[in-house]
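Here is the structure we will look at, set down as structure tokens.
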Amino acid sequence: MCGIVGAVAQRDVAEILINGLHRLEYRGYDSAGVAVVDPNHELHRVRCLGKVKALDEAVAVKPLIGGTGIAHTRWATHGEPSEANAHPHTSGNFAVVHNGIIENYISLKKKLESKGFEFISETDTEVIAHLFEYYYKGDIMDTMIKVINRVEGSYALGVLCVDYPDQFIAVRKASPMIVGLGDEENFIASDVTAILKHTRDIYYLEDNEIAVS
Numbered sequence: 015m016c017g018i019v020g021a022v023a024q025r026d027v028a029e030i031l032i033n034g035l036h037r038l039e040y041r042g043y044d045s046a047g048v049a050v051v052d053p054n055h056e057l058h059r060v061r062c063l064g065k066v067k068a069l070d071e072a073v074a075v076k077p078l079i080g081g082t083g084i085a086h087t088r089w090a091t092h093g094e095p096s097e098a099n100a101h102p103h104t105s106g107n108f109a110v111v112h113n114g115i116i117e118n119y120i121s122l123k124k125k126l127e128s129k130g131f132e133f134i135s136e137t138d139t140e141v142i143a144h145l146f147e148y149y150y151k152g153d154i155m156d157t158m159i160k161v162i163n164r165v166e167g168s169y170a171l172g173v174l175c176v177d178y179p180d181q182f183i184a185v186r187k188a189s190p191m192i193v194g195l196g197d198e199e200n201f202i203a204s205d206v207t208a209i210l211k212h213t214r215d216i217y218y219l220e221d222n223e224i225a226v227s
């Protein structure tokens, strides 16, 4: 099972995100990753094969600065365990974490490849990242609606866009996702245990309900 954590706050969130992944380690996983948007609206990502501890060590060497981020632990479904297949996946302005299975990803991948998009992983999730970049015309909510109208299957999505450095956007269908409300900071997670240290004000998203923070 995979794990998702996201946060937007008036402080650097990398430690919050990685600590949240540690709290989700009981779910089982083979790789982990984190992405943040820095104050200059640039996206930074670190991914590691193996334990969350390896992510801790990598970020200690090269700290991630930024108040908006997403993180993920992956259990391989499409594609072998590897750094290239680890989440978050990126495309242009976007970084995406995903739990679930996109059933029509092969047909979507073929269409995107015909539009010039290049794939570097074996995952269904990379299709979602490229769809965000393909449909994006400056409105993140409109883009999310277009993406979820194209994909078939189950999903919990957490998405960053460099044009929205103080926000993330999330949605779910048949895969768990919660929103946590804090004091001038908000969270998403696939399991409440990931964010209980920071808030007890929890909201459970319904299918196809979109959250923007």
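Residue numbering for the sequence shown is 15 to 227, as defined by our numbering.
We put the beta carbon where it would ideally sit given N, CA and C, even for glycine.
Can you tell me where the alpha helix (DSSP H) with residue i in it begins and where it stops?
| i | result |
| --- | --- |
| residue 128 | 119-128 |
| residue 233 | An answer regarding residue 233 cannot be provided, because it is not within the stretch 15 to 227 covered by the chain. |
| residue 36 | 28-37 |
How about residue i and residue j: are their beta carbons less than 7 Å apart?
| i | j | result |
| --- | --- | --- |
| residue 72 | residue 88 | no |
| residue 114 | residue 189 | yes |
| residue 49 | residue 109 | yes |
| residue 83 | residue 126 | no |
| residue 17 | residue 41 | yes |
| residue 193 | residue 171 | no |
| residue 59 | residue 97 | no |
Considering Cα atoms alone, identify which of the options is closest to residue i.
| i | options | result |
| --- | --- | --- |
| residue 143 | 128, 153, 152, 123 | 123 |
| residue 129 | 172, 83, 145, 155 | 145 |
| residue 134 | 199, 94, 83 | 94 |
| residue 91 | 70, 138, 147, 65 | 138 |
| residue 213 | 198, 224, 225 | 198 |
| residue 155 | 177, 136, 209, 218 | 177 |
| residue 181 | 136, 222, 53, 42 | 53 |
| residue 66 | 51, 58, 29 | 29 |
| residue 19 | 111, 61, 45, 103 | 111 |
| residue 159 | 227, 33, 223 | 223 |
| residue 209 | 196, 220, 221 | 196 |
| residue 55 | 132, 207, 102, 175 | 175 |
| residue 136 | 152, 103, 153 | 103 |
| residue 57 | 179, 187, 220, 221 | 179 |
Could you give the first and the last residue of the continuous beta strand (DSSP E) run that contains residue i?
| i | result |
| --- | --- |
| residue 152 | Here residue 152 belongs to no beta strand (DSSP E), and DSSP marks it neither H nor E. |
| residue 75 | Segment 66-75 is the alpha helix (DSSP H) holding residue 75; no beta strand (DSSP E) there. |
| residue 109 | 108-113 |
| residue 84 | 82-88 |
| residue 225 | 224-226 |
| residue 46 | 45-51 |
Following a CB-centred definition, is residue i positioned closer than 6 Å to any heavy atom of the ligand PLP?
| i | result |
| --- | --- |
| residue 215 | Among the ligands in the structure shown, none appear at all, so the ligand PLP cannot be discussed. |
Shorter than 7 Å from the beta carbon of residue i to some beta carbon of chain C?
| i | result |
| --- | --- |
| residue 162 | Within the model displayed, chain C is absent; a lone protein chain is all it includes. |
Please list, in chain order, all residues of the same chain as residue i whose beta carbon is under 7 Å from its beta carbon, the five residues on each side excluded.
| i | result |
| --- | --- |
| residue 218 | 192 |
| residue 106 | 147 |
| residue 141 | 116, 119, 122, 123, 126 |
| residue 227 | 22, 181, 182, 200 |
| residue 68 | 62 |
| residue 26 | 79, 80, 81 |
By Cβ distance, which residues of its chain are closer than 8 Å to residue i, with the 5 residues on each side in sequence left out?
| i | result |
| --- | --- |
| residue 44 | 63, 64, 88, 89, 90, 95 |
| residue 24 | 81, 198, 199 |
Just to confirm my understanding: we take residue i, look at its own chain, exclude 5 residues before and 5 after, and list those with CB closer than 6 Å. What are they?
| i | result |
| --- | --- |
| residue 215 | 195 |
| residue 150 | 157 |
**Report entry** Segment contact, 8 Å Cβ cut-off, at least three pairs: the segment 77-93 with the segment 151-170
**Finding:** Fewer than three pairs of CB atoms, one per stretch, sit closer than 8 Å, so the segment 77-93 makes no contact with the segment 151-170.
Query raised in the report: Any contact of the segment 199-218 with the segment 27-44, i.e. 3+ C-beta pairs under 8 Å?
Result: Yes, they touch.
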